[in-house]
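Chemist:
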Amino acid sequence: MTPLLRVEGLSKSYGTHPGCRDVNFTLWPGEVMGIVGESGSGKSTLLNCLAGHLAPDTGKVIFDTRERGPRDTVTMRESERRWLARTDWAFVHQNPRDGLRMAVSAGGNVGERLMAVGARHYGDIRAQAEDWLGRVEIDAGRMDERPRAFSGGMQQRLQIARNLVTGPRLIFMDEPTGGLDVSVQARLLDLLRGLVRRLGLSAVIVTHDLAVVRLLADRLMVMKDGHVVEEGLTDQVLDDPQHPYTQLLVSSVLQV
Amino acid sequence: MTQYNFAYLDEATKRMLRRAILKAVAIPGYQVPFSSREMPMPYGWGTGGVQVTAACLVPEDTLKVIDQGADDTTNAVSIRKFFARVAGIATTEATARASVIQTRHRIPETPLAAGQILVFQVPIPEPLRFLEPRETETRTMHALEDYGLMQVRLYEDIARHGEIARAYAYPVRVEGRYVMDPSPIPKFDNPKLHMSPALQLFGAGRECRIYALPPFTRVESLDFDDYPFTPSKAAGQACAICGAADSYLDEVITDDAGGRMFVCSDTEYCSSRAASQQGDAA
Amino acid sequence: MSKAMIEISGVGKRFVLHNQAGVVLPVMEGAALSVQAGECVALVGASGAGKSTLMRMIWGNYRCDDGSIQVAGVELCGAEPREVIDLRRTKLGYVSQFLRVIPRVPTLQVVAEPLLAQGLSDAAARARASEMLARVNIPQRLWSLSPTTFSGGEQQRVNIARGFILDWPVMLLDEPTASLDAANRAVVLDLIREAKARGAAILGIFHDADARAAICDREVDVTAFTPAGAAA
C-alpha cells in the first residue's frame, strides 16, 4: 500500500517567527489524523502548508495522485495544485464564511466544484447537489436559499457537502466544530465520522479540542512552538502522554 | 499638421498601444494591460475605444462610429468629428464602406468583411469581476482556466429565474481557452463574434485593458447542455420602419397611452433598407 | 493444536510525571503471560496491582516501555498507529467498564459501529445490532436514544452488545459483569462461553469470584509483576 500523504522535513517561518519546524509524518489511506496544540503552536501553518495555501520554506509534501502516483505538491505547478484542491482534496474552514460563497445559493455552492471540473448539465449538477444536501441533512427545499439564511451548524454542513461532492480522498479541517454550540457540535461530529467511514476518506484535523480528536482521529500529533512534541495513537497519546507538554495539556482539560 | 503626429496620439503612446494590440491579437481573449492615457472626454465615453481606434488608423482609412447601433447620437457624432479633425480621415455611416468601425454596445447588422476592424468600447473588461473582487485572483483564474465560478453565475440565473437571465455582456469562451466579456452588446450579437472575417478589438480605458478576437476566431457563448444559449430579441416583432424581422430592435415609446413601436437599433441598416424599398416602389 | 493469541514477555511500564517534579513511577516489571485460542484467563490481584494497566497495554492504550506484547501475531511494543488500528478493527475486541460515545448517536448505531467499520451494509449491521441488544435485554424503545442518558447497568449492557457483536479472535473484558443483575449476568456469561467455544482467546478482569470460577480456565496474579521498589 502507498501512503496517501508523506511529509518530510516541512518548515515554515514568518521572518524570525517560526511557524512550524521540521515536521515529518506519513498518512495512510483511510486514516484520520488530529493535530492539537494551543494557539500559535504552528498547527494551522502546518495545515495550510499541507493544503497548498502556503508555500513552506523547506520540505516535501508528497501526495499520492490518482493519475501519476506520489508527487511533491510543493514543487508541482499551481494549476496542478488547484486541480487537486478541487478534486482530491477538501478543506473545511472553521468559519463557514471562509469556505462558502455567501452570495450564491446552497445548490450553487455545492455545484461549484462540479462545474469547476467540467460539469455542464444543469439538471445533473442540481441532482447531485440535492443528493449531497440530503447527506448532510439539509432539506432539499432550501437548496435555492443563500447560506446567509442558514444557522451556523447548517452553514458548516453545507461547507462539508460543497467539499465532498467531487469525492475527494483527503480532507483538511481547521477547527471544524470551533464556532458551534456544543449541541450542534455532536451532530456534526457524528456526521463527519459517518462520512469519513463510508467514503473511506483520510483526514487531517486541526483543533484544540481534545474531545473532538478523541472521537474523530485515529492518530494524534501534538505541537508546541512549531515542533511536533509527541505523536501516536490518539487514545495512547491522551491516556498515556509522554511529553511534559502533552501531560500538561491533557491534565488541563476540565472534566464534565 | 506636419508638426504633429498623425491621429492625435504621440508616437510613444501609439507604439505602446500597437504593441498591446499585437499581443492581444496573438492571444485571443486575453486581457493585455496597457497604460491608458487621458483622452479629451470623460471615462465611460469610450476613452479605451478612442485610443485603440487612434492606434489603428492610417490616413487611407474610412471611419464609422456607432453608439447603441446609431450613427447620430452625441457620442457617435463627437467621436466621428474628433477623428475627422485630428486625423483628417474620411468618415461614413455605411457599414460596408468603413474600414474601421468604433462601436458602443452593438455589432452592425450588415455582415462585416475581411479587412475591416471593429473597435469595441468596454466599461468593465473582467467577466469574473463581480464574482471575485481581487484582480490578482481573477488573473490567476484566467491563467489556470479556473472557470467553475463563471458557470456558477449562470447556474444561479437558472435556479432563480428558470433561464440564463443575462441579456447583454453575455460571457463567451474564446478558442476554448479564455473566458471573455464581449462588452455590453446584446446577446443577440454574440453569434456575430464567432468566426467573423473582421478583426475585433476591445479597449477599456478606465480599466487599462485591451483584448482582441483575430479574424475567424471560435467564440462560444457559455451555457449548459440542457439550457443552451439562445440569442434573443423582441419576440415576434419586425421593424416598424424597414420591416426587418432579423435585426435587433429598440422599443420606442410613442405616447403616454401605452403606444409603442419597435425599430432597428442599427440606424444605417434600417435607413438603407427603407431607402432601397422606396427605390423599388418608385 | 492450541495457538497463543496473546503472548507477553518481559513487559515493563513506568509513568513519568513531568509536571509533578518529574517523578518516575515504575508500575510493572517483567510481566509475562500467554492466552491460547479458546482459553479464558483472569487477571487477579489487589486493587492497584496493575490489572487495568496491563489490559490497557494489550489494548495499545498505554505505551509499553520494555518487553514484548504480541496479539494475534502483531507486536504491539513500538507498533505504528495504523497497525494497532487495524488490529482493533479486525482481531481485537475490548469491553471496557466505560462507554465513550458521541452524544445523540442512537444506541443501535453505537452497537452497530464495529460492523460498519468492517464495511458491512447499514441494514445488515442494524439487524445484527438489534439481535445483540435484544439479547442483553435493552428494551426496544431505547434503541433510538443515545446511551449517554442510560443507567449504569444499561450502559454496561450496551457496551457488552457492542463488544460481542463481532466474533473477535481475541477479547479483553474489563469487569463485564459489574453492575449487572443476575439475569443479565447469566446472559453475559453465556456470551463469553460462546466466544470461547468458537475459539476466542479471552483475557479479563472479573471481581465477581463466581463468574470467574464459572468461565475462567486460569488465573494470573499480576502482583508478581509489581516492581520491587513500588510496593509501598
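Protein chains in written order, with our numbering: chain A, -16 to 239; chain B, 17 to 298; chain C, 17 to 248.
All C-beta atoms in this analysis are idealised placements derived from N, C-alpha and C, irrespective of residue type, glycine included.
Would you kindly check if the distance between the Cβ of residue 23/A and the Cβ of residue 183/A is under 8 Å?
Modeler: Counting from one through the first sequence, the residue named residue 183/A turns up at place 200. Counting from one through the first sequence, the residue named residue 23/A turns up at place 40. Cβ distance not < 8 Å, so residue 183/A and residue 23/A don't count as in contact.
Chemist: Start and end of the alpha helix (DSSP H) containing residue 67/C?
Modeler: Position 51 of the third sequence, counted from the start, is the residue given in the question as residue 67/C. Residue 67/C -> alpha helix (DSSP H) spans 67 to 75.
Chemist: Does chain C have any CB closer than 8 Å to the CB of residue 227/A?
Modeler: Here residue 227/A refers to the residue found at position 244 when the first sequence is read from its first residue. Cβ-Cβ to chain C under 8 Å: yes for residue 227/A.
Chemist: Who are the neighbours of residue 34/C on chain A, taking C-beta pairs under 7 Å?
Modeler: Start at 1 with the first residue of the third sequence, and residue 34/C comes out as number 18. What residue 34/C touches in chain A: 227 and 230.
Chemist: Check whether the region 204 to 222 of chain B and the region 125 to 135 of chain B are in contact - that is, three or more C-beta pairs closer than 8 Å.
Modeler: yes
Chemist: Just by C-beta distance, which residues in the region 164 to 192 of chain B are closer than 8 Å to chain A?
Modeler: Those residues of the region 164 to 192 of chain B that come within reach of chain A (Cβ to Cβ, closer than 8 Å) are 164, 165, 167, 168, 171, 172, 174, 175 and 176.
Chemist: What's the call for residue 232/B, buried or exposed, on a 16-neighbour Cβ count within 10 Å?
Modeler: Translated into positions along the second sequence, residue 232/B becomes position 216. The C-beta of residue 232/B has fewer than 16 other C-beta atoms within 10 Å across all chains shown, which makes the residue exposed.
Chemist: Tell me the DSSP secondary structure of residue 136/C in three-state form.
Modeler: Position 120 of the third sequence holds residue 136/C. Residue 136/C: coil per DSSP, three-state reduction.
Chemist: Run down chain A in chain order and give the residues with a C-beta less than 7 Å from the C-beta of residue 240/B.
Modeler: The residue given as residue 240/B occupies position 224 in the second sequence. Under the 7 Å cutoff, chain A gives 103, 104 and 105.
Chemist: Residue 221/B and residue 63/B - do their beta-carbons sit closer together than 8 Å?
Modeler: Your numbering for residue 63/B matches position 47 in the second sequence. Your numbering for residue 221/B matches position 205 in the second sequence. Contact flag set, yes.
Chemist: Indicate whether residue 64/A and residue 209/A have their beta-carbon atoms separated by less than 8 Å.
Modeler: As a first step, residue 64/A is located in the first sequence; it is residue number 81 there, counting from the start. As a first step, residue 209/A is located in the first sequence; it is residue number 226 there, counting from the start. Cβ atoms of residue 64/A and residue 209/A: not closer than 8 Å.
Chemist: I need the straight-line Cα distance from residue 220/A to residue 229/A, nearest angstrom please.
Modeler: Here residue 220/A is taken as the residue at index 237 of the first sequence, counted from 1. Here residue 229/A is taken as the residue at index 246 of the first sequence, counted from 1. Cα to Cα, the separation comes out at about 8 Å.
Chemist: Pull up the distance between the alpha-carbon of residue 77/C and that of residue 112/C, whole angstroms please.
Modeler: Within the third sequence, the letter at position 61 stands for residue 77/C. Within the third sequence, the letter at position 96 stands for residue 112/C. Roughly 12 Å separates the two Cα atoms.
Chemist: Taking Cβ positions only, does residue 46/B come closer than 8 Å to chain A?
Modeler: For the purposes of this step, residue 46/B is identified with residue 30 of the second sequence, where counting begins at 1. For residue 46/B, the answer is no, since every Cβ of chain A falls outside 8 Å of its Cβ.
Chemist: By the criterion of Cβ-Cβ separation under 8 Å, what are the contact partners of residue 113/A in chain B?
Modeler: Locating residue 113/A in the first sequence gives position 130, counting from the first residue. By Cβ distance, chain B contributes nothing, its closest Cβ being about 12 Å from residue 113/A, past 8 Å.
Chemist: Kindly identify the DSSP beta-bridge partner or partners of residue 155/A.
Modeler: Within the first sequence, numbered from 1, the residue matching residue 155/A stands at position 172. Residue pairing by DSSP places residue 155/A opposite 74/A and 187/A in a beta bridge.
Chemist: In chain C, which residues lie less than 7 Å from residue 118/A when you measure between Cβ atoms?
Modeler: Numbered from its first residue, the first sequence carries residue 118/A at position 135. Residues of chain C passing the Cβ test: none, with the nearest at roughly 13 Å.
Chemist: Whose CA, out of 87/C, 178/C and 72/C, lies closest to the CA of residue 204/C?
Modeler: Residue mapping note: residue 204/C aligns to position 188 of the third sequence, counting from 1. For the residues 87/C, 178/C and 72/C, the minimum Cα distance to residue 204/C belongs to 178/C.
Chemist: Rounded to the nearest angstrom, what separates residue 149/A and residue 126/B at their Cα positions?
Modeler: Within the first sequence, numbered from 1, the residue matching residue 149/A stands at position 166. Within the second sequence, numbered from 1, the residue matching residue 126/B stands at position 110. Spanning the two alpha carbons is a distance of roughly 47 Å.
Chemist: Name the residue from 185/B, 156/B and 263/B whose alpha carbon lies nearest to the alpha carbon of residue 282/B.
Modeler: By 1-based counting over the second sequence, the position of residue 282/B is 266. The option with the nearest alpha carbon to residue 282/B is 263/B.
Chemist: With DSSP as the reference, label residue -6/A as helix, strand or coil.
Modeler: Position 11 of the first sequence holds residue -6/A. It is a strand residue.
Chemist: Output yes if chain C places a C-beta closer than 8 Å to the C-beta of residue 215/A; else output no.
Modeler: What you label residue 215/A is simply residue 232 of the first sequence in a count that begins at 1. Interface flag for residue 215/A against chain C is set, since a Cβ pair is found closer than 8 Å.
Chemist: What do you reckon, is the C-beta of residue -8/A under 7 Å from a heavy atom of the ligand FAD?
Modeler: In the structure on display, the ligand FAD does not appear, and there are no ligands present to speak of.
Chemist: With 8 Å as the limit, tell me which residues of the region 63 to 82 of chain A have their beta carbon closer than that to any beta carbon of chain C; keep them in chain order.
Modeler: none
Chemist: With the cut-off set at 8 Å, would you say residue 236/C and residue 57/C are in Cβ contact?
Modeler: Taking the first residue of the third sequence as 1, we reach residue 236/C at position 220. Taking the first residue of the third sequence as 1, we reach residue 57/C at position 41. For residue 236/C and residue 57/C, yes; Cβs fall inside 8 Å.
Chemist: Does the region 95 to 107 of chain A come close enough to the region 154 to 170 of chain B that 3 or more CB-CB pairs lie under 8 Å?
Modeler: yes
Chemist: Could you list which residues in chain A have their beta carbon closer than 7 Å to that of residue 76/C, in chain order?
Modeler: Residue mapping note: residue 76/C aligns to position 60 of the third sequence, counting from 1. Correct list: 216 and 219.
Chemist: Would the beta-carbon of residue 202/A fall within 8 Å of that of residue 97/C?
Modeler: Stepping through the first sequence from its first residue, residue 202/A is reached at position 219. Stepping through the third sequence from its first residue, residue 97/C is reached at position 81. In contact: residue 202/A and residue 97/C (Cβ atoms closer than 8 Å).
Chemist: Between the region 149 to 162 of chain B and chain A, which residues of the former have CB atoms less than 7 Å from a CB of the latter, in chain order?
Modeler: 160 and 162
Chemist: Specify, as a first and last residue, the run of the alpha helix (DSSP H) that residue 228/A falls within.
Modeler: By one-based count along the first sequence, residue 228/A stands at place 245. Note, residue 228/A: alpha helix (DSSP H), 227 to 234.
Chemist: Measure from the C-beta of residue 24/B to each C-beta in chain A and report whether the shortest distance is under 8 Å.
Modeler: Counting from 1 along the second sequence, the entry for residue 24/B is found at position 8. Closer than 8 Å: no.
Chemist: Going by the DSSP bridge assignment, what does residue 214/A pair with across the sheet?
Modeler: The residue labelled residue 214/A in the question sits at position 231 within the first sequence. Paired residues: 204/A.
Chemist: Is it right to say residue 17/C is buried, meaning 16 or more other beta carbons lie within 10 angstroms of its own, or is it exposed?
Modeler: If you number the third sequence from 1, residue 17/C lands on position 1. With a pLDDT of only 39 at residue 17/C, under 50, the local geometry of the prediction cannot be trusted, and the value read off the model is given with reservation. The residue is exposed, with fewer than 16 neighbouring Cβ atoms inside 10 Å.
Chemist: Closer than 8 Å by beta-carbon distance: list the chain B residues that pair up with residue 87/A, in chain order.
Modeler: Here residue 87/A corresponds to residue number 104 of the first sequence, with the count starting at 1. What residue 87/A touches in chain B: 168 and 172.
Chemist: Between residue 121/C and chain A, is there a C-beta pair that is closer than 8 Å?
Modeler: To locate residue 121/C, count along the third sequence from 1; it is residue 105. It does; some Cβ of chain A falls within 8 Å.
Chemist: Where does residue 0/A fall in DSSP's three states?
Modeler: In the first sequence, residue 0/A corresponds to position 17, counting from 1. Residue 0/A: strand per DSSP, three-state reduction.
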